[in-house]
Amino acid sequence: MSNPLRVLAIEDNPDDAELLALQLASGGYDVDYLRVDTAADLQAALAAGPWDIILTDYSMPQFDAIAALTIVQASGQDIPFIIVSGSIGEETAVAAMQAGSHDYLLKSNLTRLVPAVKRELREAQVRDERRQALRDLEQLAFYDLLTGLPNRSKFLLNLQDWIEHRQADPEAHFSVIFLDIDRYKRVKYGLGHQKGHDFLVEVGQRLVRWAGPNDLVAHIEEDSFAIALRHVANTAVLAEKVAQVHGLMEEPFQLGALQIYASASLGIVDSNLPYTVAADFLRAADTANYHARQQGGQTRFFSIQMQTEESDRLQLEADLQQALVNQELVLYYQPIISLQTCQVSGFEALVRWHHPTRGWVGPNIFIPLAEQTGLIIPLGQWVLEEACRQMHHWQTELAEFLPLSVAVNLSGIQLVQPNLATTIQAIWEQAQIQGLSLKLEVTESLLMENGELVIQQLQRLRSSGIQICIDDFGTGYSSLAYLHSLPINTLKIDRSFVDRMTLDGKNLSIVKTILTLAKTLGLSVVAEGIETANQFDELRSLNCTEGQGYLFAKPLPPQDLALWLHQAKSPHFLTTVSATHPHYDSPLSSAC
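Per the numbering used here, the sequence shown starts with residue 4, numbered consecutively.
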């Protein structure tokens, strides 16, 4: 069976072209050839291709092989190019080979033609396979396999070109958008990985259809895309582009028979920043995106202050890790008072951090940081161990004031640790404490969100004699029926209700409702944030069990508690008004 072969013959003599075709046919090829002998005809033939091989005479009246070779090379096509000449000198042949010809033959000896053609076709196939392999490697290196879009590396390479162009032309503005899909993991884990992948592909296609011909769209992380907008310098135009992106994301996505809705957080940076490296622009956009997500989504524009804050946060994270090692953390204790007897009933343990160079770092700063980084697990265990160690010491030091309780807060991350109950029970039993009881405070929302696992662990803890308190009660969403089944001993009324209780009838009604509910369920109640005598009087009249706040005492270091307790026993301690220091031990009520 003959092998088809398309031959482009550059030859001024038709008989010689026919002779070449016959020679190839005798070698088993089914030859289809076209003869040309001018530059214009060659260019037209190359455009009409494809051709398997080019056979050319060296010298013709209007043309020569070197000129033909130049035209072939300019076309970008890799076609085996063999010179077949009546006479060609050694130097000429070498020069032709150096210019890019693949072989040369003499017309007087065409026995080499078929072997030469076979060899060059085979080598051409090897070169084509090598090019395809390189294209495959480039695809793997620079393109996302899922969406087919450029990946982070390709995006950065292209953006770097834009940066260098702007350095030469200051008017060549651009903007970079870091887009993060909100709640993507809910789609992936709720509908399955395949639906999640389909969703990402659709997001990418929408962005590509929306983007301009000079813009860049890349898929750089699982749920993140990067967009570079060229020639966008006007703030109003950029704001309109951002609004369009949000609109794209808010249109429903059709995944098979299922329709889902999504949104995105955007971080924006423009080319006015003094950066010269593409990765710096993308990192700045990512930083702005992080701030957007921290604030609930939508859009944030990058500022240098954001980067400073992130750098400071990273340093603080490292310092917090070191603080656990260097024992820079301490526990302070805020007294909890029986509102009916005005006696101290216990304390809440509150962790404090004295940084060696920053001074006191507020818990509103380092506690969220510990939760985000996972440090809350060793930190929480240290708090429990330190509180139990202190309670063991107080058995002797505060013997005359016993019984007392100490409340320790648990974070949401601690709550979902499978070994939580076992760890706490081991710490509590090892402390061997008499006369003091341990209470664990859990926020209402965390208790409701974490389900049966948490409830089972709390039941185990309560069965071992540890009391459970719901902190910040009233700010969550627990149902009364569910609350009835929870293993709890105490409700703590959130300070926001106490603060406005004497000013706002609605908040007073909420407090009354909580107290009624607690009485029905047989629970004690602690009111947080008591700061005025009026608040104390109102809560006491409502038969609230206990309270804490600056009206009684600020959180105190453990070495000050013995003195404070002795002062608190004074008959004048709770009846003296201190108008100049409302946030320290001050008035309660003449009823005490």
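Glycine is no exception: its CB is placed at the ideal position from the N, C-alpha and C atoms.
Just so you know, these numbers come straight off a predicted model, no measurement behind them.
| Asked | Found |
| --- | --- |
| Simplified DSSP assignment, three categories, for E14 | coil |
| Cross-strand partners of N154 (DSSP beta bridge) | N154 pairs with nothing; no bridge assigned. |
| Close Cβ partners of L342 (< 8 Å) along its chain, the five nearest in sequence each way excluded | A530, F539, L542, R543, C547, T548, E549 and G550 |
| 8 Å Cβ cutoff met for V235 and L149 | no |
| Limits of the beta strand (DSSP E) - the one that K442 falls within | L439 to T446 |
| Under the three-state DSSP convention, the category H222 falls into | strand |
| Closer than 8 Å to chain D by CB, Q257 | As a matter of chain content, chain D is missing from the structure shown, which is built from one protein chain. |
| For H584, three-class secondary structure by DSSP | Caution is warranted here: a pLDDT of 35 is assigned to H584, below 50, making its placement in the model unreliable, and the coordinate value is therefore given only provisionally. Three-state DSSP puts H584 in coil, outside helix and strand. |
| Same chain, Cβ closer than 8 Å to A119, five either side skipped, listed in chain order | I85, D106 and L108 |
| The alpha helix (DSSP H) enclosing T290, as first and last residue numbers | A281 to Q297 |
| 4-residue-minimum alpha helix (DSSP H) runs that sit fully inside the region 387-449, ordered along the chain | 415-418 and 423-434 |
| Anticipated Cβ contact below 8 Å, A494 with V528, distance rounded | In the sequence as presented, Ala is not what sits at residue 494; that position holds Leu. Sure, about 5 Å apart at Cβ, within 8 Å. |
| Residue from V272, P173, V386 and A28 with nearest C-alpha to T597 | This structure leaves residue 597 out entirely; the chain is present only between 4 and 595. |
| 8 Å Cβ cutoff met for S178 and L241 | yes |
| Residues sharing a beta bridge with D273, DSSP | S178 |
| Best match in G299, Y293 and L323 for proximity to Q310 [C-alpha to C-alpha] | Y293 |
| Supposed contact pair I180 and A265 - C-beta distance, whole angstroms, cut 8 Å | At roughly 16 Å, the Cβ-Cβ gap does not stay under 8 Å, so A265 and I180 are not in contact. |
| Length at least 3, wholly inside the region 313-354: the beta strand (DSSP E) runs in chain order | 332-341 |
| Residue interval of the alpha helix (DSSP H) (run including W3) | Residue 3 falls outside the range modelled here, since the chain spans only 4 to 595, and no answer is possible. |
| Beta bridge counterpart(s) of V529 as assigned by DSSP | K495 and E549 |
| R186: first and last residue of the uninterrupted alpha helix (DSSP H) it sits in | R186 -> no alpha helix (DSSP H), and no H or E assigned at all. |
| Proximity below 8 Å, CB of I380 to CB of F555 | no |
| Supposed close pair R155, I223 - CB separation, criterion 8 Å | 4 Å |
| Backbone CA spacing between Q262 and W213 [nearest angstrom] | 21 Å |
| Those residues which DSSP pairs with L58 across a bridge | A12 and I85 |
| Whether L382 touches L327 by CB criterion (8 Å) | yes |
| Whether L27 touches V10 by CB criterion (8 Å) | yes |
| Status (buried if at least 16 other CB within 10 Å, exposed otherwise) for A594 | For A594, the pLDDT reaches just 44, beneath the cut-off of 50, and the residue's location in the model is therefore unreliable, leaving the point undetermined. |
| Three-state class that DSSP yields for R503 in the structure shown | coil |
| Short Cβ contact (8 Å threshold) for V445 with I416 | no |
| Check whether D411 and L443 have beta carbons under 8 Å apart | The residue you asked about is not Asp; residue 411 is Val in the sequence shown. Yes, Cβ-Cβ distance for V411 and L443 is below 8 Å. |
| Beta-carbon proximity list for D18, same chain, < 6 Å, skipping 5 on both sides | none |
| Three-way DSSP call (helix, strand, coil) for V39 in this model | strand |
| Through-space distance from I533 to H584, alpha-carbon basis | Because the pLDDT at H584 is just 35, under 50, the model does not fix this residue reliably, and the value given afterwards should be weighed accordingly. Roughly 14 Å between the two C-alpha positions. |
| A68 burial status per 10 Å Cβ neighbour count (16 or more: buried) | buried |
| Between the CA atoms of L520 and D475 - distance to the nearest angstrom | 15 Å |
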